[in-house]
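Residues 2 to 477 (our numbering) are what the sequence shown spells out, left to right.
Structure record follows, encoded as structure tokens.
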Amino acid sequence: MSSENFSAEAQRIRQRTMDTLLAAFSELSEGLLIVDRQARIVWMNEKYHRRLGIADPASIVGLPVEAVIPNSLMRSVVTSGKPIMLDIMEFGTESFVVMRLPVRDASGEVIGGVGVMIFDDPRQLVPLVSRFQSLRLELADTRRKLDEARRAKYTFSSFVGVSPTCIAVKDKARRAARAGSPVLILGETGTGKELLAHAIHAASPRAAGPFVAVNIAAIPETLLESEFFGVAPGAYTGAERKGRSGKFELAQGGTLFLDEIGDMSPALQAKLLRALQEKEIEPVGSNRLIAIDVRIIAATSRQLQKEVDEGRFRADLFYRLNVMTLDVPPLRERLEDLPLISEALADSLARQLGEHPRGISAAALEYLARHPWPGNVRELSNVLERALLMSDADRLERADFEQILPGLAQFPSTEPIQPGARTLDQLQQDTERRAIAAAIAAARGNKAQAARSLGISRASLYEKIAALGIAPPDSV
Ligand SMILES: Nc1ncnc2c1ncn2[C@@H]1O[C@H](COP(=O)(O)OP(=O)(O)OP(=O)(O)O)[C@@H](O)[C@H]1O
Ligand SMILES: [Mg+2]
Numbered sequence: 002m003s004s005e006n007f008s009a010e011a012q013r014i015r016q017r018t019m020d021t022l023l024a025a026f027s028e029l030s031e032g033l034l035i036v037d038r039q040a041r042i043v044w045m046n047e048k049y050h051r052r053l054g055i056a057d058p059a060s061i062v063g064l065p066v067e068a069v070i071p072n073s074l075m076r077s078v079v080t081s082g083k084p085i086m087l088d089i090m091e092f093g094t095e096s097f098v099v100m101r102l103p104v105r106d107a108s109g110e111v112i113g114g115v116g117v118m119i120f121d122d123p124r125q126l127v128p129l130v131s132r133f134q135s136l137r138l139e140l141a142d143t144r145r146k147l148d149e150a151r152r153a154k155y156t157f158s159s160f161v162g163v164s165p166t167c168i169a170v171k172d173k174a175r176r177a178a179r180a181g182s183p184v185l186i187l188g189e190t191g192t193g194k195e196l197l198a199h200a201i202h203a204a205s206p207r208a209a210g211p212f213v214a215v216n217i218a219a220i221p222e223t224l225l226e227s228e229f230f231g232v233a234p235g236a237y238t239g240a241e242r243k244g245r246s247g248k249f250e251l252a253q254g255g256t257l258f259l260d261e262i263g264d265m266s267p268a269l270q271a272k273l274l275r276a277l278q279e280k281e282i283e284p285v286g287s288n289r290l291i292a293i294d295v296r297i298i299a300a301t302s303r304q305l306q307k308e309v310d311e312g313r314f315r316a317d318l319f320y321r322l323n324v325m326t327l328d329v330p331p332l333r334e335r336l337e338d339l340p341l342i343s344e345a346l347a348d349s350l351a352r353q354l355g356e357h358p359r360g361i362s363a364a365a366l367e368y369l370a371r372h373p374w375p376g377n378v379r380e381l382s383n384v385l386e387r388a389l390l391m392s393d394a395d396r397l398e399r400a401d402f403e404q405i406l407p408g409l410a411q412f413p414s415t416e417p418i419q420p421g422a423r424t425l426d427q428l429q430q431d432t433e434r435r436a437i438a439a440a441i442a443a444a445r446g447n448k449a450q451a452a453r454s455l456g457i458s459r460a461s462l463y464e465k466i467a468a469l470g471i472a473p474p475d476s477v
């Protein structure tokens, strides 16, 4: 074959390939579209017309492509001369997988573009599109969960208890909710400080705003500043490159709950104080100030006054946070709440475990009242959960709890006595305190009944309650 013949043949093959490709794309794809260099529609195949519901194909020729396909990127292809090989285009409620190529003349000049709709159902492009879809679902799910997490989970009715100290704390918390000033919640671990913080937010005028919690003890010291105040774009490289909002910004218009505030380092205490005084924050690596409108609730299980006295917590920050103080009493000081809290917890635990609701016998409650509950309501909840998992009976009995909290079974008569450890007076008081607390719990808070079961008068029960510091003498 001469070289002249070859080039004529090559030219023919090229031309035929072009025609075949165009025909194949037109036939195999779900739609084909050609535009000129101004992104005006030159031609559209039959399938595309049908897909778009266009009755008269001639009516759209010459129109800007966006007039027919609002999300089209054909204009950017003809302007930049760069193809978009694979993309997902939204059209109404549907998604299409599309490919867009520029068309050039013999000198390489862009004269138009061609868009191919490869599949009308992107789900066919497994796994690429399925990954895309699942990421999209995940994102929507995460956003929803974040929104949920930022709403308060509890109201005052979740804080169970009818003891005078409990009612007093709830009354004060309700007043605090209305006031809008900072609140400091103090109490041992597991007494319900976080629950109260949620409830205060939910009862406050900021209830529609976010509730954002930061556990200071759980976040490494080096990350706390950016966690609080955010990071300006470009301040860091890597994942943080784009910048990030801090908890103060996320809590705008709502409540910021600073849990375990007693664990805050002196350096951050100074920065927090400044933010609270100025009502402004400065994201890490920025020179821009952001005005903040956030209500602060702080909590700690430490003796914060003592931390101040011993120089570990700034006095000025303490006074700023300590506008209203809620002292949440430990469970052992309000044993009359034990039956009610136990029942409420057992009900909700049974629901969570997918089990039928179970009662708790009076003897079981009397037994539980002997325990000092160093972990308070959280510990009670754990004990009840274990009992529910171990027993199938309709009612939790004393024997179930004897297995979980064995040390209390010998109380009071055979409790081992260590000579010289305590005076007779102390032993006597301790025994009386536990016996009275147990009787009150068994009588579900009814003090007249508790007095009868102890064989003493109501008046002397009240005297003993006051003297032993079990609960205020005006308890019902
Ligand atoms: N009065 C109550 N009524 C019902 N449930 C309660 C009560 N107090 C606490 N709880 C429950 O006990 C658990 C512990 O409460 P919470 O987390 O609020 O305690 P906390 O004081 O923040 O403890 P910590 O200091 O250890 O963080 C939670 O599951 C909470 O719902
Ligand atoms: Mg807590």
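Just so you know, even glycine gets a beta-carbon here, dropped at the ideal spot from N, CA and C.
Say the cut is 6 Å; is the CB of residue i nearer than that to a heavy atom of ligand 1?
i	result
E250	no
K194	yes
R335	no
G191	yes
R379	yes
G162	yes
I342	yes
S302	yes
Using the DSSP secondary-structure output, state which residues sit across from residue i in a beta bridge.
i	result
A299	L185 and L259
N216	D260
P330	Partner(s): none; P330 has no beta bridge.
A292	E281
L397	I361
V115	I35 and L102
I42	V36
P478	With the chain represented from 2 up to 477, any question about residue 478 goes unanswered, as that position is not in the structure.
Is residue i near ligand 2 - that is, is its Cβ less than 6 Å away from at least one heavy atom of it?
i	result
E228	no
D264	no
D260	yes
If you run the structure through DSSP and keep just helix, strand and coil, what is residue i?
i	result
S227	helix
T156	coil
A442	helix
I85	strand
P358	coil
L29	helix
E283	coil
D1	Missing from the structure shown is residue 1; the chain here goes from 2 to 477 and no further.
M265	coil
Y463	helix
I14	helix
P234	coil
V324	coil
S211	Here residue 211 turns out to be Pro, not Ser, going by the sequence shown. If DSSP states are grouped into helix, strand and coil, P211 belongs with coil.
P58	helix
P165	helix
R387	helix
R245	strand
F319	helix
Q353	helix
P206	coil
I405	helix
Q304	coil
P340	helix
V132	According to the sequence as given, residue 132 is Arg; it is not Val. Three-state result, R132: helix.
G74	This sequence places Leu at residue 74; Gly is not what is there. Of the three classes helix, strand and coil, the one that applies to L74 here is coil, per DSSP.
Q253	coil
N447	coil
H372	coil
T192	coil
F7	helix
A107	coil
E367	helix
F412	Low local confidence applies: a pLDDT of 49 at F412 is under 50, so the model's placement there is unreliable, and no value is given.
S454	helix
S382	helix
T424	coil
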